[in-house]
Each structure stands twice: as structure tokens, then as C-alpha cells.
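>
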Amino acid sequence: MNLISFFKRPNTSAPVARERLKLMLAHERAAFGASDVIALLQDEIVAVIAKHFPVEPEAIKIRMDRGDAISTLEVEVEIPTPLCVNISLNAPKPELKAVNSEADAPRLASSGPKPDSLGPALANAAKRERVDLHIEADG
Amino acid sequence: MAKVLVVTSGKGGVGKTTSTAALGVALAKGGKNVVLVDFDVGLRNLDLVMGAERRVVYDLINVVQGDAKLAQALIRDKRIQTLSLLPASQTRDKDALTDEGVARVIAELKEKFDWIICDSPAGIERGATLAMRHADVAIVVTNPEVSSVRDSDRIIGLLDSKTEKAERGEHMDKHLLLTRYDAARAERGEMLKVEDVLEILSIPLLGIIPESEEVLRASNVGAPVTLSDTPSAPARAYLDAARRLNGEALEMTVPSDRKGLFGKLFGRRAA
Ligand SMILES: Nc1ncnc2c1ncn2[C@@H]1O[C@H](COP(=O)(O)OP(=O)(O)OP(=O)(O)O)[C@@H](O)[C@H]1O
Ligand SMILES: [Mg+2]
Chain A
33 MNLISFFKRP NTSAPVARER LKLMLAHERA AFGASDVIAL LQDEIVAVIA KHFPVEPEAI
93 KIRMDRGDAI STLEVEVEIP TPLCVNISLN APKPELKAVN SEADAPRLAS SGPKPDSLGP
153 ALANAAKRER VDLHIEADG
Chain B
738 MAKVLVVTSG KGGVGKTTST AALGVALAKG GKNVVLVDFD VGLRNLDLVM GAERRVVYDL
798 INVVQGDAKL AQALIRDKRI QTLSLLPASQ TRDKDALTDE GVARVIAELK EKFDWIICDS
858 PAGIERGATL AMRHADVAIV VTNPEVSSVR DSDRIIGLLD SKTEKAERGE HMDKHLLLTR
918 YDAARAERGE MLKVEDVLEI LSIPLLGIIP ESEEVLRASN VGAPVTLSDT PSAPARAYLD
978 AARRLNGEAL EMTVPSDRKG LFGKLFGRRA A
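These protein sequences, in sequence, are chains A and B. The first sequence lines up with residues 33 to 171 when you count with the numbering used here. The second sequence lines up with residues 738 to 1008 when you count with the numbering used here.
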């Protein structure tokens, strides 16, 4: 480095910052910017699942990860374990396994609490099962 | 008609609280009835920046939960008659703020004040969305730096989707406040320029606040920069921004206290 280039040495990192930001935000906006779509999706998924299982809206998390070749939409649903269900869209044949809560709930002697009072108690005591659902798509 | 203004950013430490205090003082000096509401529950700071920390008795959570009347919690500024503060609580229970409670307090404030300025906590979680929920206008505080610009972009998305106004299908008024700006460094290409940030975020510019040691000095003594009778560069920038909020069209400048070589030699302040 000669003297002149030392004095002229530019520290122009701002243009790099600018380009990186533009690129990154183009991606992020497509992902979150569609946060409306994500919110819509969330509502619709809650509605569908709620037909079959008692889920809270907060029990469903949706995340979009956008990659260059492939993007993933991650849907995470928490369901009380007695009502556990497994869904895997990546499996060759989507299988849906549900455990019938009525059939599996222990039957009680007539002196015990009423069966229908057991449901909520079980649900509360149950640890929560996570159901992950991955959808991969070409980006 | 009362206006609810949220000062938000996504990223922490970019100057929300500083801007809330400085703009609040500027608007109140202009004769408006202003209340500053600290939504940063658990990390309250606005009372310190305003120099009112020893006068806090009740806070936002007490009012939201009905343990205190609004009038009991409001702290009237001793220097400016038309300025009040509703402090945040120092207890860490941020879940104590309920949607309905906040809505009720904001509605009550709207009957008393012209401007209700909400100092948002950092982040994009519930605290931030609660603070922006009832806003009519938003100020997005941004530093000329990649992570801040990125977070501002996220916050703009939330303002357009999570606010009551957005949910009613109305347009959310958003303004960019670029703070801690160093014009010389931006000119040398070391820092994002105003135009860069504007191009990326594409919301209208409310003001450019220069990086200045006056800001720290002001918070040290609990007197926002805009209180001074001989306004410093950041104070002038905030005073202009406040006038723009009131609808005035002013030329955009980056005020500076920096003395040029000439100014240094002669000990004068360069314009
Ligand atoms: N224009 C400025 N020039 C110099 N320092 C500044 C400027 N604006 C803010 N600061 C300093 O930056 C720090 C953070 O400011 P402030 O507390 O207002 O940010 P904030 O966004 O409210 O932070 P938080 O996200 O933690 O609530 C403070 O020390 C403040 O003095
Ligand atoms: Mg703050």
C-alpha cells in the first residue's frame, strides 16, 4: 500500500449494507409480509383442528423459512396427549393416527367421579404433545 | 380530536424513549395537551428521562387493573403545564396489561389530551403490539444501521396488520424518525444515508436526529433536549419533527452543532 492509497483508503461499507438489506428484506417481506397470509392460515388451521380436538389458538405456531431453492412452512400444533395425533405430510402416504379419548380413558367404578368430569382433568394433567408438520415447496 | 401516537422500533436502544420525551415536550410547548405513556413494563425509563422518577406513586398497571384512578397516576410536569406522564410499573409482570384494560385507559386519556404518546418496549412481542394497538399515527425510530432497518421493516408490517386501525381496513399513518445520524460518516460511506433508509423502508420521513452528546446530557439531568431555551442540534431536529406532526411542511435538514474548521478556530457555532 503506498502513501496515496493509504490516505484515500475508503471505508465505504455503507453500500454493502444497503445491498444486503435490500436482498434480505425482499426475502423477509415475501415471508412475513405475507404475515397476513400466515395469520389467515393460522385462523383456518385452528378452525379445522378445533373440529376434532380442543386446541387453543395459541397452541398453533406457524413459521415460514424461505430458502433459495426450497422454502419450508412449519406448522406446530400442541394437543393434549390423550388426544394425541400424528400427521406427517412428508410420509409417502399421509397417515393420521388419532387416539380415541373415550375408548382409551380408564373406565371408572360407579363410586368414582363421573366420567365426563374426568376429561378436563386429564387434559390438564396431560403433558402436551407437539405435532410438527412440515411442508416443503420449491422456492 | 385526540391523536394516539406510538413510538416504536423493533430493535432496542435506538432512541424511542428519548424521542417520546423530546417530542412530547416539543408538542406541549406548542400549547397542546400531551400525555406520555410508558408501555415498557418492567424496564420503565421514561420517568427517568423526564426527571419525574421520584414522583411516581401509581402506574399504568395500577390503572389498568383498577387499583388506582387515572388522575391519581398521572404526573403533571413541573416545567410545562400541558405535559403529563403515565409511568410504567417496575414490576416485571408484563402480562398484567390486558387488552381491555389498555383500551379503557386509552379511551379515558383521549377525553383529556390532544396527544397520547405511547413509548413502546423493544421487540415485536405482546408488549410492542399492545403499545401500537390503538395508535392513529406511528413513529418508527430507526438508526442508520442494518439490524435497526431490518427490525423497522418488521415493525412496519405489524403496524399494517396488528393495529385496530389496520384491522378496520384503514391506512396506518407511519413516519420514519432517523436517529443517531452522523452526516459526515454517511457522506464518507461509512454509514447508511438518509436516502438509503428511505428507499428501503419507503415511509415518509419525519425528521433526522443527529448523533449528539447533548442527548446523554439531557437524560443525565432528566430534562429532554427540547426543554432548553437555546436548543441544541438534536433539539432543533425534534422541534421540527413535532411541527411536522402538527401538519406543517418544513424543509428537511440535519441540524448540526459541529464546529467546522473555521468555527473551531474562532470558537463560533457553525450553522
Ligand atoms: N441522537 C442521539 N445521540 C446520541 N445518543 C443518543 C441519541 N438518541 C439516543 N441516544 C442514546 O441511546 C441510548 C438509548 O436511547 P433510548 O433509551 O431512548 O432508546 P430506546 O429505544 O428507548 O431503548 P429501549 O429499547 O431499551 O427502550 C441512550 O443512552 C440515549 O442517550
Ligand atoms: Mg425505551
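Where is the CB? At the ideal position from N, CA and C, for every residue including glycine.
State the Cα-Cα distance for the pair B:Lys1018 and A:Glu76, rounded to the nearest angstrom.
Since the displayed chain B opens at 738 and closes at 1008, residue 1018 of chain B lies outside it and no answer follows.
> For ligand 1, is there any heavy atom lying closer than 7 Å to the beta carbon of B:Glu790?
Along the second sequence, read from residue 1 onward, the residue named residue 790 of chain B stands at position 53. No.
> Give the range of the alpha helix (DSSP H) segment to which A:Pro47 is assigned.
For the purposes of this step, residue 47 of chain A is taken as residue 15 along the first sequence, with counting starting at 1. Looking at the DSSP string, the run of the alpha helix (DSSP H) that includes A:Pro47 is 46-60.
> When you compare the CB of A:Ala49 with every CB in chain B, is at least one pair closer than 8 Å?
Position 17 of the first sequence, counted from the first residue, corresponds to residue 49 of chain A. For A:Ala49, the answer is yes, since a Cβ of chain B falls inside 8 Å of its Cβ.
> When the distance is taken between beta carbons, is B:Gly926 closer than 8 Å to A:Pro86?
Position 54 of the first sequence, counted from the start, is the residue given in the question as residue 86 of chain A. Position 189 of the second sequence, counted from the start, is the residue given in the question as residue 926 of chain B. Cβ atoms of A:Pro86 and B:Gly926: not closer than 8 Å.
> Assign B:Leu753 to one of three DSSP states: helix, strand, or coil.
Reading the second sequence from its first residue, position 16 is the one you call residue 753 of chain B. The amino acid at residue 753 of chain B is misidentified as Leu; the sequence shows Lys. It is helical.
> Between A:Arg50 and B:Asp933, is the Cβ-Cβ spacing less than 8 Å?
Taking the first sequence and counting its residues from 1, the one referred to as residue 50 of chain A is at position 18. Taking the second sequence and counting its residues from 1, the one referred to as residue 933 of chain B is at position 196. Cβ distance < 8 Å, so A:Arg50 and B:Asp933 count as in contact.
> Can you list the residues of chain B that A:Ala46 reaches, using a CB-CB cut of under 9 Å?
Position 14 of the first sequence, counting from 1, holds the residue named residue 46 of chain A. The answer, in chain order, is Pro881, Arg922, Ala923, Arg925, Gly926, Glu927, Met928, Leu929, Lys930, Asp933.
> Hey, could you find the ends of the beta strand (DSSP E) B:Asp897 is sitting in?
To locate residue 897 of chain B, count along the second sequence from 1; it is residue 160. Element bounds for B:Asp897: n/a, residue is neither H nor E.
> Compute the Euclidean distance between the alpha carbons of B:Gly959 and B:Ala974, then round it to the nearest angstrom.
Within the second sequence, the letter at position 222 stands for residue 959 of chain B. Within the second sequence, the letter at position 237 stands for residue 974 of chain B. Approximately 19 Å, taken between the alpha carbons.
> Going straight from the alpha carbon of B:Gly749 to that of B:Glu862, what length do you get?
Position 12 of the second sequence, counting from 1, holds the residue named residue 749 of chain B. Position 125 of the second sequence, counting from 1, holds the residue named residue 862 of chain B. Distance between the alpha carbons of B:Gly749 and B:Glu862: 12 Å.
> Please report the residue range of the beta strand (DSSP E) in which B:Arg870 lies.
In the second sequence, the residue the question calls residue 870 of chain B occupies position 133. Note, B:Arg870: premise wrong, no beta strand (DSSP E); not H, not E.
> Should B:Asp784 be listed as close to ligand 2, given that the test is whether its C-beta is under 7 Å from any heavy atom?
On the second sequence, position 47 is the one that residue 784 of chain B refers to. Flag unset: Cβ of B:Asp784 not near ligand 2.
> Among the residues of its own chain, which have a CB less than 6 Å from the CB of B:Arg905, if the five just before and after it don't count?
Stepping through the second sequence from its first residue, residue 905 of chain B is reached at position 168. Correct list: empty, nothing qualifies.
> Determine the extent of the alpha helix (DSSP H) in which B:Val958 is found, giving its start and end residues.
To locate residue 958 of chain B, count along the second sequence from 1; it is residue 221. Element bounds for B:Val958: 950-958.
> Three-state secondary structure (DSSP) at B:Gly864?
Walking along the second sequence from the start, residue 864 of chain B turns up at place 127. Of the three classes helix, strand and coil, the one that applies to B:Gly864 here is helix, per DSSP.
> Going by the C-beta, is B:Asp888 closer than 7 Å to any heavy atom of ligand 2?
In the second sequence, the residue the question calls residue 888 of chain B occupies position 151. Every heavy atom of ligand 2 is 7 Å or more from the Cβ of B:Asp888, so no.
> For B:Asp814, I'd like the list of residues in its chain whose CB is within less than 6 Å of its CB, leaving aside the five on either flank, ordered along the chain.
Within the second sequence, the letter at position 77 stands for residue 814 of chain B. Excluding residues within five positions, the ones whose Cβ falls inside 6 Å are Leu820.
> Got a sec: does ligand 2 put a non-hydrogen atom nearer than 7 Å to the Cβ of B:Thr879?
Here residue 879 of chain B refers to the residue found at position 142 when the second sequence is read from its first residue. Not so, every heavy atom of ligand 2 lies at least 7 Å from the Cβ.
> Compute the distance between the beta-carbons of B:Val878 and B:Leu914, then report whether it is under 8 Å.
Here residue 878 of chain B corresponds to residue number 141 of the second sequence, with the count starting at 1. Here residue 914 of chain B corresponds to residue number 177 of the second sequence, with the count starting at 1. Closer than 8 Å, so yes.
> Exposed or buried, which one is B:Pro992 when buried takes at least 16 other CB atoms within 10 Å?
As a position in the second sequence, residue 992 of chain B is number 255, starting the count at 1. The residue in question, B:Pro992, is buried, as its Cβ has 16 or more Cβ neighbours within 10 Å.
> Which ranges would you report for the beta strand (DSSP E) in the stretch 794-839 of chain B if only whole runs of at least 3 residues count?
Correct list: 820-823.
> To the nearest angstrom, how far is it from the Cα of B:Met738 to the Cα of B:Leu846?
Position 1 of the second sequence holds residue 738 of chain B. Position 109 of the second sequence holds residue 846 of chain B. Cα to Cα, B:Met738 sits roughly 12 Å from B:Leu846.
> Please report whether the beta-carbon of B:Met989 lies at a distance below 8 Å from any beta-carbon of chain A.
Looking up residue 989 of chain B in the second sequence gives position 252. No, its Cβ sits nowhere closer than 8 Å to a Cβ of chain A.
> Can you tell me whether B:Val864 sits near ligand 1, meaning its C-beta is under 7 Å from at least one heavy atom of the ligand?
Taking the first residue of the second sequence as 1, we reach residue 864 of chain B at position 127. Residue 864 of chain B is actually Gly in this sequence, not Val. B:Gly864 Cβ: outside cutoff for every heavy atom of ligand 1.
> Just the chain B side, please: which residues come within less than 7 Å of A:Lys54 by C-beta, in chain order?
Locating residue 54 of chain A in the first sequence gives position 22, counting from the first residue. Going along chain B in sequence order, the residues near A:Lys54 (Cβ under 7 Å) are Ile937.
> With distances taken between CB atoms, is the gap from B:Leu764 to B:Val771 smaller than 8 Å?
The residue labelled residue 764 of chain B in the question sits at position 27 within the second sequence. The residue labelled residue 771 of chain B in the question sits at position 34 within the second sequence. Their beta carbons are under 8 Å apart, which means B:Leu764 touches B:Val771 by this criterion.
> Looking only at C-alpha atoms, which of B:Asp966, B:Gly779, B:Ala789, B:Ile893 sits nearest to B:Leu935?
Mapped onto the second sequence, residue 935 of chain B falls at position 198. The candidate whose alpha carbon is nearest that of B:Leu935 is B:Ile893.
> Assuming B:Ile853 and B:His912 form a contact by the criterion Cβ under 8 Å, report the distance between their Cβ atoms to the nearest whole angstrom.
As a working mapping, residue 853 of chain B is identified with position 116 in the second sequence. As a working mapping, residue 912 of chain B is identified with position 175 in the second sequence. With 8 Å as the limit, B:Ile853 and B:His912 do not qualify as a contact, their Cβ atoms being about 16 Å apart.
> Taking the CB atoms as reference points, tell me whether B:Val778 and B:Thr754 lie closer together than 8 Å.
Here residue 778 of chain B refers to the residue found at position 41 of the second sequence. Here residue 754 of chain B refers to the residue found at position 17 of the second sequence. No, the pair does not count as a contact, with Cβ atoms beyond the cut-off.
> Within 8 Å (strictly less), CB to CB, does B:Asp890 reach chain A?
If you number the second sequence from 1, residue 890 of chain B lands on position 153. For B:Asp890, the answer is yes, since a Cβ of chain A falls inside 8 Å of its Cβ.
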